[in-house]
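Asks: One line per chain: the protein sequences are B and C, in this order.
Letter by letter, the first sequence follows residues 1 to 408 of the working numbering.
Letter by letter, the second sequence follows residues 409 to 678 of the working numbering.
Don't be surprised by glycine CBs; every beta carbon is placed ideally from N, CA and C.
The structure that follows is given in the form of C-alpha cells.
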Amino acid sequence: MVMAGDVVVRLEHVWKRYGLRALLESLTGRSDEGGRWALRDISLQVHRGEALGVIGRNGAGKSTLLKILAGVSPITRGYMEVNGSVFPMIELNAGLHPELTGRENIYLLGAIMGLTRSEVNALMPQIEDFCELGDWFDQPVRKYSSGMRARLGFGVAMNVRADILLIDEVLAVGDFAFQKKCISKMSQIVSTGSTLIFVSHNPYMVERMCDRVLWLDEGRIADLGETGKVIPRYFEQAAAPAKVTASGPHPQAADTRPGSGDLRITDLEVLDAHGKPVDTVFVGDPVTFRLHYATREPVHEPNFGIRIIDPNNTMIAVLSSILEKKGVVLSGSGHVDCCVDNFPLMPNVYSLQVRVSGMVMLDLYNHPTRLTVRGRPGISMSTGDKGLVYLARKWVWPESAVKRPQAR
Amino acid sequence: MFQTGRAVVRRSASAFRFRPTVELIQALVYRDFTARYRRSWLGLGWAFLQPLFQMVIFNIIRGVMGFSTGETPYMVFSFAGLLPWTFFSRAVTGAAGSIRANANVIKKMAMPREVFPLAAIAVSFIDFAIAALIMAGMMLAYNVSVNPLLLLWLPLLLAIEVVLAFAIGMSTAALGTYRQDVILAISFVMQFWLYATPIMYPLDRVPESWAPLYRLNPMAGVVEGFRNVLVDGHAPPTDLIVTSAAISLALLAVAWPVFRWLSAYFADVV
C-alpha cells in the first residue's frame with residue numbers, strides 16, 4: 001500500500017547510456033564517465049499524488065527518463081526505486097493493427113497495457129464513450145485518420161488505473177476539444193492520488209498541469225523545483241541571445257524568396273524608445289519595427305504584415321497595415337515604421353517574419369535575428385503572470401479591505 | 409557523482425503477472441492470425457496451400473531422383489514429413505522476426521519479451537493444426553491406418569519442436585535486434601536444414617558415413633518420429649528422440665538466459 005506523501009520514485013545518481021557500450025559495461029560492471037550519456041547523475045524523488053513536469057530541449061533526456069521509469073530501458077549506473085504500478089502513455093497508438101477494428105484494437109491495446117480481457121470488457125462502455133468514435137468504432141483502423149487512432153490509445157490509457165502515470169507529448173495529437181477532455185481526465189486521475197510525470201516541449205502545458213518541474217539539459221538536471229520558479233528560469237535561459245541567434249533562420253537571398261519582387265524588404269530593425277537598434281526589448285516598453293524596402297516600380301497601397309512567432313511556432317501576433325495604407329504609394333527605397341506603444345508579449349524569444357502584398361504577393365521576409373523579450377522589475381511574470389501576453393492592469397480593492405498606515 | 413559498479417533497480421510491482429501475460433499472447437496471436445487473412449480472397453485457404461504446393465514440388469523432384477519409399481504412397485510419405493517441418497520452420501522464422509516486428513510496442517511498454525516469440529510460435533501452431541486436417545484427409549484417401557496408441561507420441565514430438573523453435577527463434581530474434589543479418593540469414597539456414605532433414609527422402613537413404621553427424625540434427629528425430637507414427641505404424645527410434653530432446657533442451661538452456669539478458673536492451677536498439 002502506497003501512502004500519501006510517500007516517495008513513489010527515487011533516483012540516486014542515475015546514469016544512462018545507449019548502445020553496445022552500455023551492454024558490455026553491464027557485463028563487466030565497470031565503466032568510466034567518458035563518452036556520451038543520455039542521462040547524467042540524476043537524483044530525484046517524486047511523491048505520491050504529485051504532478052511533475054519534465055522540460056528541456058530535444059535530446060535533453062526527457063524521453064529516456066520516461067523509458068527507464070517505465071522499465072522499458074535499463075539504467076547503466078546508480079540506484080532506482082519505483083513503488084507502485086507504472087503506466088506509460090508514451091505515443092499511445094503503438095501496437096494498433098490497421099486490419100483490426102477499433103473495438104478489436106482496444107482488446108489488443110488493453111492486453112499490451114497489461115489488462116486482462118475481463119478487465120477490458122468491464123471498461124469497454126467507458127472506453128467507447130470516451131473515444132467518441134461512433135460507428136467508426138467497429139470499422140478497421142486503416143480507415144481512421146491519425147487523430148482517430150490517437151483516440152483509441154487514449155480511450156484505453158485514460159481508463160487504466162495505475163499508481164504512476166508517465167505521459168510523453170501525447171497531447172500533441174487530437175483536436176482541441178479532445179485534448180481538453182484528456183487534460184481534465186488527467187487532473188482527475190491526479191486528484192485520486194495517482195502520480196503524474198509529464199514530459200512536454202510546451203512549458204505552458206507543464207505550467208498548467210504540474211506542481212513541480214524538472215528541467216533537463218544534455219542529460220543533466222539543470223533545475224528542479226516549484227513550477228513558478230523553474231519555468232521563468234527556463235525562459236530566461238532560452239532567451240540567452242548568443243545561443244539562440246546562432247540557430248535563427250538564415251536570411252534568404254531576395255531573388256529566391258516568394259513574391260513578385262516589385263517590393264523587397266531589405267532589412268528589419270527593432271528600435272527601442274530612443275530609436276536605437278536593439279535585439280532585446282523589455283515587456284511594456286515602446287518598440288518600433290523599422291522595415292527597409294526597395295521597389296522595382298511604384299507600389300500602390302502595400303499591405304505589410306509583421307508576424308511575431310514564438311518558439312512553439314505559434315503566431316502570437318500579426319501587425320498588419322491593412323487599415324492604414326490608403327493612398328500610400330511607395331517608390332524607390334526607404335523605410336516604414338510600425339510603432340507599438342507598450343510591447344505586451346511575455347518574455348521569450350520570437351522570430352519575426354514580414355509578408356508584403358499589393359495586388360499580388362510581393363515578398364515574404366524571414367528576419368535572421370530573433371527578438372528577445374525580457375521581463376523587468378515591477379512586472380511580476382517570474383512569480384505571478386503567465387501566458388503569452390502581458391496586460392497592463394490595475395487592481396482595485398474594496399475600500400474597506402485595505403489597511404493603510406494611518407497618516408499622521 | 410559517478411559511481412562504478414552495477415546499477416540497482418527496485419520495483420514493487422513486477423512486470424510479470426501470469427494471467428495478463430497469457431492473455432497478451434492470446435491477443436497477439438489473434439492479431440497476427442486474423443489480420444493476416446482478413447484482406448485476402450483465399451483467407452484461411454493460404455494456410456492449406458503452402459504445404460500442398462511444397463508437396464507437389466517434392467513429388468516432381470522425386471520423379472527426377474527416383475528413390476523408393478516402399479509401399480507408402482509418396483504423397484503421404486512427404487506430407488507426413490512436411491507437416492512437422494512446416495510448423496517448425498514457420499515457428500522459427502516467425503519468432504526470429506517477432507522482436508523487430510513488435511518494435512513499436514517494445515519501445516513503449518514493459519512486458520516479458522518472451523511473449524513475442526511465443527505468440528509467433530502459437531500462430532504457426534494454428535497453421536499446423538490446419539495442415540494436420542489435410543494430413544488426416546490424405547490418410548483416409550490413401551487408406552493409411554494408424555494405431556491410436558502411437559498418437560500419444562505426437563505431443564512429445566511437438567513439445568520437442570516447440571522447445572527447439574523457441575530456443576533458435578529467440579536467440580535469432582535477440583541477436584537480430586543488434587544486427588539484422590542474423591534474421592536475414594535464418595531463412596537460408598532453414599532451407600539448408602530442410603534438406604538436411606529426412607523430409608523428401610527416407611532416413612535410410614542417408615549415406616552410412618554421414619549418419620553420426622546427420623543424427624545430431626534434432627529435427628531428424630522429430631520428422632522421422634511423425635512419419636513412423638502416422639505412416640509406418642511403429643514407435644519412433646528412441647535414440648533419435650532422446651538426442652533431439654537433449655539437444656533442444658541444451659539449446660534452450662543457453663538461449664533463454666542470453667535472451668533474458670539482451671531483452672532488457674531491446675527498447676534501446678530496435
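Interface residues of chain C around B/Leu-100 at Cβ under 9 Å?
Replies: Within the first sequence, residue 100 of chain B is the residue found at index 100, counting from 1. By Cβ distance, chain C contributes Tyr-438, Arg-439, Thr-442, Ala-443 and Arg-446.
Asks: How is C/Met-473 classed by DSSP in three states: helix, strand or coil?
Replies: What you label residue 473 of chain C is simply residue 65 of the second sequence in a count that begins at 1. Correct three-state label for C/Met-473: helix.
Asks: For C/Phe-475, which option in C/Ile-607, C/Leu-621, C/Arg-623 and C/Ser-656 has the closest C-alpha, if you only look at C-alpha atoms?
Replies: Stepping through the second sequence from its first residue, residue 475 of chain C is reached at position 67. Comparing Cα-Cα distances from C/Phe-475 to each of C/Ile-607, C/Leu-621, C/Arg-623 and C/Ser-656, the minimum goes to C/Ile-607.
Asks: Residue range of the beta strand (DSSP E) that B/Gly-319 falls in?
Replies: Your numbering for residue 319 of chain B matches position 319 in the first sequence. In the sequence under discussion, the amino acid at residue 319 of chain B is Leu, which differs from the Gly named in the question. Where B/Leu-319 is concerned, the enclosing beta strand (DSSP E) stretches over 315-320.
Asks: Who are the near neighbours of C/Ile-594 in its chain, counting only those whose CB is closer than 7 Å to its CB and skipping five residues on each side?
Replies: Residue numbering aside, residue 594 of chain C sits at position 186 when the second sequence is read from its first letter. Val-500, Thr-501, Ala-504 and Thr-580, listed in sequence order.
Asks: Have a look at B/Asp-285, B/Val-354 and B/Val-299 and flag the residue whose alpha-carbon is nearest the alpha-carbon of B/Asp-341.
Replies: In the first sequence, the residue the question calls residue 341 of chain B occupies position 341. Here the closest residue by C-alpha is B/Asp-285.
Asks: Kindly list the residues whose CB is nearer than 6 Å to the CB of B/Asp-223, restricted to its own chain and excluding five residues on each side of it in sequence; keep chain order.
Replies: Start at 1 with the first residue of the first sequence, and residue 223 of chain B comes out as number 223. Taken in chain order, the residues that qualify are Trp-215, Val-230 and Arg-233.
Asks: For B/Glu-50 and B/Ala-401, what's the separation of their Cα atoms in angstroms?
Replies: Numbered from its first residue, the first sequence carries residue 50 of chain B at position 50. Numbered from its first residue, the first sequence carries residue 401 of chain B at position 401. Cα-Cα distance, rounded: 35 Å.
Asks: Beta-carbon of B/Tyr-18 versus every beta-carbon of chain C: anything under 8 Å?
Replies: Your numbering for residue 18 of chain B matches position 18 in the first sequence. Yes, because at least one Cβ of chain C sits closer than 8 Å to the Cβ of B/Tyr-18.
Asks: Would the C-beta of B/Trp-136 count as close to the ligand ATP, meaning under 7 Å from any of its heavy atoms?
Replies: Although the ligand ATP was asked about, the structure shown includes no ligands whatsoever.
Asks: Indicate whether the contact test is met: 3 or more Cβ pairs, each with one atom in the segment 139-149 of chain B and one in the segment 113-127 of chain B, closer than 8 Å.
Replies: no
Asks: Listed from N- to C-terminal order along the chain, which residues in the segment 70-84 of chain B have their beta-carbon within a distance smaller than 8 Å of any beta-carbon of chain C?
Replies: Ala-70, Gly-71, Val-72, Ser-73, Pro-74, Ile-75, Thr-76, Arg-77, Gly-78, Tyr-79, Met-80, Glu-81, Val-82, Asn-83 and Gly-84
Asks: Could you list which residues in chain C have their beta carbon closer than 8 Å to that of B/Thr-116, in chain order?
Replies: Within the first sequence, the letter at position 116 stands for residue 116 of chain B. Under the 8 Å cutoff, chain C gives Arg-427, Pro-428 and Glu-431.
Asks: Taking Cβ positions only, does C/Glu-522 come closer than 8 Å to chain B?
Replies: Here residue 522 of chain C refers to the residue found at position 114 of the second sequence. No, because no Cβ of chain B sits closer than 8 Å to the Cβ of C/Glu-522.
Asks: For B/Arg-77, name the three-state secondary structure that DSSP assigns.
Replies: Sequence index remark: in the first sequence, residue 77 of chain B carries index 77 (1-based). Strand.
Asks: Looking at B/Val-8: is its Cβ nearer than 8 Å to the Cβ of B/Ile-164?
Replies: Position 8 of the first sequence, counting from 1, holds the residue named residue 8 of chain B. Position 164 of the first sequence, counting from 1, holds the residue named residue 164 of chain B. Taking 8 Å as the Cβ cut-off, B/Val-8 and B/Ile-164 qualify as a contacting pair.
Asks: Specify the secondary structure class of B/Val-287 as computed by DSSP and reduced to three states.
Replies: Stepping through the first sequence from its first residue, residue 287 of chain B is reached at position 287. In the structure shown, B/Val-287 sits in a strand (DSSP, three-state: E or B).
Asks: Let me know the secondary structure DSSP gives B/Gln-139 once reduced to three states.
Replies: As a first step, residue 139 of chain B is located in the first sequence; it is residue number 139 there, counting from the start. Secondary structure of B/Gln-139 (DSSP, three-state): coil.
Asks: Please compile the residues from chain C whose C-beta is within a distance smaller than 7 Å of the C-beta of B/Gly-95.
Replies: Within the first sequence, the letter at position 95 stands for residue 95 of chain B. Per Cβ cutoff of 7 Å: Asn-512 and Val-513.
Asks: Thinking C/Pro-626 and C/Val-637 are a contact (beta carbons under 8 Å), I'd like their distance in whole angstroms, please.
Replies: Along the second sequence, one-based indexing puts residue 626 of chain C at 218. Along the second sequence, one-based indexing puts residue 637 of chain C at 229. Actually they are not in contact, since the Cβ atoms of C/Pro-626 and C/Val-637 sit about 17 Å apart, beyond 8 Å.
Asks: Find the residues of chain C that neighbour B/Tyr-107, judging by a C-beta separation of less than 7 Å, and give them in chain order.
Replies: As a position in the first sequence, residue 107 of chain B is number 107, starting the count at 1. What B/Tyr-107 touches in chain C: Ala-435.
Asks: Along the alpha helix (DSSP H) that carries B/Val-72, what are the first and last residues, could you check?
Replies: Start at 1 with the first residue of the first sequence, and residue 72 of chain B comes out as number 72. That residue, B/Val-72, is in no alpha helix (DSSP H); it is neither H nor E in DSSP.
Asks: When the cut-off is 8 Å and only beta carbons count, does B/Met-113 lie next to chain C?
Replies: Locating residue 113 of chain B in the first sequence gives position 113, counting from the first residue. It does: the Cβ of B/Met-113 has a partner Cβ on chain C nearer than 8 Å.
Asks: Kindly indicate the opening and closing residues of the beta strand (DSSP E) around B/Val-7.
Replies: Along the first sequence, one-based indexing puts residue 7 of chain B at 7. Where B/Val-7 is concerned, the enclosing beta strand (DSSP E) stretches over 7-16.
Asks: Under the rule that 16 or more other beta-carbon atoms within 10 Å means buried, what is C/Gly-453, buried or exposed?
Replies: What you label residue 453 of chain C is simply residue 45 of the second sequence in a count that begins at 1. With fewer than 16 Cβ atoms within 10 Å of its Cβ, C/Gly-453 is classed as exposed.
Asks: What does the Cβ neighbour count give for B/His-274, buried or exposed, with the cut at 16 atoms within 10 Å?
Replies: For this step, residue 274 of chain B is matched to residue 274 along the first sequence. Its Cβ having fewer than 16 others within 10 Å, B/His-274 is exposed.
Asks: Provide the residue span of the alpha helix (DSSP H) that contains C/Val-666, from first to last.
Replies: The residue labelled residue 666 of chain C in the question sits at position 258 within the second sequence. Run containing C/Val-666: 646-671, per the alpha helix (DSSP H) assignment.
Asks: Distance, Cα to Cα, B/Val-206 vs B/Met-158?
Replies: Walking along the first sequence from the start, residue 206 of chain B turns up at place 206. Walking along the first sequence from the start, residue 158 of chain B turns up at place 158. Their Cα atoms are separated by approximately 18 Å.
Asks: If we count the other Cβ atoms within 10 Å of its Cβ and call it buried at 16 or more, is B/Trp-37 buried or exposed?
Replies: Here residue 37 of chain B refers to the residue found at position 37 of the first sequence. Per the 10 Å Cβ criterion, buried.
Asks: Are the Cβ atoms of B/Arg-376 and B/Leu-364 separated by less than 8 Å?
Replies: Locating residue 376 of chain B in the first sequence gives position 376, counting from the first residue. Locating residue 364 of chain B in the first sequence gives position 364, counting from the first residue. No, the Cβ-Cβ distance between B/Arg-376 and B/Leu-364 is not below 8 Å.
Asks: At a CB-CB cut-off below 9 Å, which residues of chain C make contact with B/Pro-409?
Replies: In this structure chain B extends from 1 to 408, so residue 409 of chain B is not present and cannot be described.
Asks: Should C/Phe-536 be labelled buried (16 or more other beta-carbon atoms within 10 Å of its own) or exposed?
Replies: Within the second sequence, residue 536 of chain C is the residue found at index 128, counting from 1. Result: buried.
Asks: Measure the CB-CB distance between C/Ala-628 and C/Thr-605 and report whether it falls below 8 Å.
Replies: Within the second sequence, residue 628 of chain C is the residue found at index 220, counting from 1. Within the second sequence, residue 605 of chain C is the residue found at index 197, counting from 1. Yes, the pair counts as a contact, with Cβ atoms nearer than the cut-off.
Asks: Does the pairing of the segment 383-393 of chain B with the segment 334-348 of chain B give three or more beta-carbon distances under 8 Å?
Replies: Flag = yes, the segment 383-393 of chain B and the segment 334-348 of chain B touch.
Asks: Are the C-beta atoms of B/Leu-23 and some chain C residue less than 8 Å apart?
Replies: Within the first sequence, the letter at position 23 stands for residue 23 of chain B. For B/Leu-23, the answer is yes, since a Cβ of chain C falls inside 8 Å of its Cβ.
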